[in-house]
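Undergrad:
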Amino acid sequence: MYARLYSASLQGIDGVMVEVEVDMSTGLPAFDIIGLGDASVREARDRVRSAVRNSGLHFPARRITTNLAPADVRKEGSSFDLAIAAGILKASGQLSFDEKVATQLPRLDQILFLGELTLMGGLRPVHGTLSMAMEAKRHGIRWVVLPEENEEEARLTGLETIPIKNLSQLIHYVKGKWKPRCSPSSIPQIPCPESMDEQLDFADVKGQIHVKRALEVAAAGLHHVLMVGPPGSGKTMLARRLPAILPEMSEEESLRVTQIYSAIGKMSDGTGLIGTRPFRSPHHTITTSGMVGGGNLVKPGEASLAHHGVLFLDEVPEFSRPVLEALRQPLENGTIHLNRARGTRVFPASFMLVAAMNPCPCGYHGYDHEDTYCRCTPHQIKRYRARISGPVMDRIDLQLEVPRLESSWFHSSAPEESSTDIYRRISRARTIQLNRYKGERASTGEIVRYNAQMSADMIRKCCPLSSEAKLMLNTAMNQLGFSARSHDRLVRLARTIADLDEQDIIDTVHIAEALQYRYMDRGKSGHGEN
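In our numbering, the protein residues as written are 727 to 1256.
1. Mapping the DSSP letters down to three states, classify Y1245 as helix, strand or coil.
2. Where do the N-terminal and C-terminal ends of the beta strand (DSSP E) with D798 fall, by residue?
3. With DSSP as the reference, label A965 as helix, strand or coil.
4. Since Q925 and A965 are thought to touch, with beta carbons under 8 Å apart, how far apart are those beta carbons, to the nearest angstrom?
5. According to DSSP, is T1157 part of a helix, a strand, or is it coil?
6. Hey, T1234 and E1194: beta-carbon distance below 7 Å or not?
7. Give the C-beta separation of A770 and L896 to the nearest angstrom, bearing in mind that I take them to be a contact with Cβ-Cβ under 8 Å.
8. Using the three-state DSSP reduction, which class does M993 fall into: helix, strand or coil?
9. Taking only three categories from DSSP, how would you classify D1120?
10. In terms of alpha-carbon separation, which member of A1082, Y1090, S959 and L948 lies closest to A1032?
11. Which full runs of the beta strand (DSSP E) of 3+ residues lie inside the segment 1025–1070, going along the chain?
12. Tell me whether A787 is buried or exposed, calling it buried when 16 or more other Cβ atoms sit within 10 Å of its Cβ.
13. Quickly, what does DSSP pair E731 with across the bridge? List them, please.
14. List in chain order: all unbroken beta strand (DSSP E) runs of 3+ residues lying wholly within the segment 1168–1224.
15. Which value, in whole angstroms, describes the spacing of the CA atoms of L882 and Y1099?
16. For the 8 Å Cβ check, are there 3 or more pairs between the segment 1075–1082 and the segment 948–964?
17. Report yes or no: do the segment 1206–1217 and the segment 970–985 share at least 3 C-beta pairs separated by less than 8 Å?
18. Near L834, what residues of its chain come up, given a Cβ to Cβ distance below 7 Å and the 5 sequence neighbours on each side ignored?
19. Please report the straight-line C-alpha distance between R1221 and T887, rounded to a whole angstrom.
20. Can you list the alpha helix (DSSP H) stretches of 4 or more residues lying completely in the segment 801–880, in chain order?
21. Considering V943, what are the terminal residues of the alpha helix (DSSP H) in which it resides?
22. Quick check on C1086: buried or exposed, where buried means 16 or more other Cβ atoms within 10 Å of its Cβ?
23. Indicate the three-state DSSP secondary structure (helix, strand or coil) for R1006 in the structure shown.
24. Give the secondary structure of G998 by DSSP, where H, G and I count as helix, E and B as strand, and everything else as coil.
25. Just to confirm the assignment, what range does the beta strand (DSSP E) spanning M1083 have?
26. Thinking C-alpha only, which one of I1012, R1047, R1006 and K863 is nearest R1111?
27. So, under 8 Å CB-CB, A929 and E1142 are touching, yes? Tell me the CB distance rounded to an integer number of Å.
28. If you reduce the DSSP assignment to three classes, tell me which class I1012 lands in.
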């Protein structure tokens, strides 16, 4: 007796279709699972056996061989339990459609089976449902049987869902004795897990007008930012208010972010489509694998969790050198390639880097006051700033000085501009960018939506400069010693500033403002000496 069903597995954050074959023959009772499965797959034998028996069903005393194909692809996780149990029940004749309802129900080979079984026959949710359902849809599967907790994720792909609580409900369904509840027509949007619960307002920040303007430019084009200033100048306060002015995510962006969080099991507190941009703020003691991904099962790291959102590195020189250097690739092209013994994994990591640092180890270089003055030697200051390498600094579009506020600002009653007002201007600039890049795709295959994503060819096509702007740019290149990468990032930044002014041609005023945001390159902080 033979049965064939379909399930799926995860490789990184992508789904992989798996064909579950069950062969039942005479001989001594045995239950084997083959097909290059890990420990959790091998342990499925005991879970399936107990679940079938405790559901009031008969577990055949036959020689049972279950093959997970393709056999050369490693299988990980517990998502195969339900498919293996259903295959055994089908091969033994306990899972077959009633003739009266067979025409109203899908065939078993048209259904994707996902779910981890409990010993009592219940179903537990599994990670990566969204990715696996997306892969099944590409293979022509139209239905998915899965735990109730995973239903919302599967519905995002457009598949017909059959949410069940246990094996008994599956038997009753194919017999026509039970129907799953009707799903609501709308799919809820949820906040990004582990991000800030509330939207903070820029109106709470006194002064720092030039920094707010710079962050507005950065948010409009999703450019990388470095803020340099003494302790208490408001760097962290400003960074944590960025999500309130970032452009809304498109449906494609929301789906991709949801797929990442689903794959690593961070959707347990809510099901639906993530509708807010991630804001990740890892501690400076994070490891390289924690930042870019890795581990025994090769899971994505903080850089991928910040995809289409903000990666905030507070006190960035305190992060280890290997961690910062590992960010070179995602800062440049928005992806992370990890080569391991089990294969290559490619994780999306197109984020907006926001970093903050002090001007020196003690934090007060250039900001001496009555009670606070810099105690650092020139050598200590040079070593501190050199913790951020030139190639990493070269990939940061805006480098801002955030000075300490004067006491008069704290007693000022003048109203500050709110996040809503800033967001309106950013929305107009974003509309201009969407119309400009309609149909364009980056090297990663994602749709280009923001100026920071422009390739070199797109810069030449989409960034016309006036003759005066070209002269100013050439002069700055020669005097400041910009690299070719810095040149391109400067033009992208000027393009965003021109979009905020709703201008097609990049003029001198746009280049001049973009140059003001190259604080470290100008050498005012001494970084140019390194």
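Just so it is clear, CB atoms sit at the ideal spot from N, CA and C, and this is done for glycine as well.
TA: According to the structure data:
1. Per DSSP, reduced to three states, the secondary structure at Y1245 is coil, with no helix or strand assignment.
2. From DSSP, D798 is part of no beta strand (DSSP E); its letter is neither H nor E.
3. Here A965 sits in helix by DSSP.
4. Going by Cβ atoms, the distance from Q925 to A965 rounds to 14 Å, so no, they are not a contact pair.
5. In this structure, T1157 counts as helix in the three-state DSSP scheme.
6. A contact, by the Cβ cut-off of 7 Å.
7. Between L896 and A770 the Cβ distance is about 16 Å, and since that is not below 8 Å, they are no contact.
8. For M993, the three-state secondary structure derived from DSSP is coil.
9. Note: D1120 maps to helix in three-state DSSP.
10. Across the set A1082, Y1090, S959 and L948, the C-alpha of L948 shows the shortest separation from the C-alpha of A1032.
11. Here the runs fully enclosed are 1036–1039 and 1061–1066.
12. Classification for A787: exposed.
13. In the sequence on display, residue 731 carries Leu and not Glu. L731 has V746 as its beta-bridge partners, per DSSP.
14. Secondary structure in the segment 1168–1224: no beta strand (DSSP E) run of 3 residues or longer lies completely within the stretch.
15. Rounded to the nearest angstrom, the two C-alpha atoms are 57 Å apart.
16. Counting Cβ pairs under 8 Å, three or more are found: they touch.
17. The segment 1206–1217 makes no contact with the segment 970–985; the number of CB pairs closer than 8 Å stays below 3.
18. Cβ neighbours of L834 beyond the five flanking positions: L731 and K816.
19. Cα to Cα, the separation comes out at about 46 Å.
20. DSSP runs (the alpha helix (DSSP H)) wholly in the segment 801–880: 807–817 and 855–864.
21. Residues I935 to G947.
22. C1086 comes out buried.
23. If DSSP states are grouped into helix, strand and coil, R1006 belongs with the strands.
24. The DSSP-derived three-state label of G998 is coil.
25. Unbroken beta strand (DSSP E) run through M1083: M1078 to M1083.
26. Closest by alpha carbon: R1047.
27. That pair is a contact at about 5 Å.
28. Assignment of I1012 by DSSP, reduced to helix, strand and coil, places it in the coil class.
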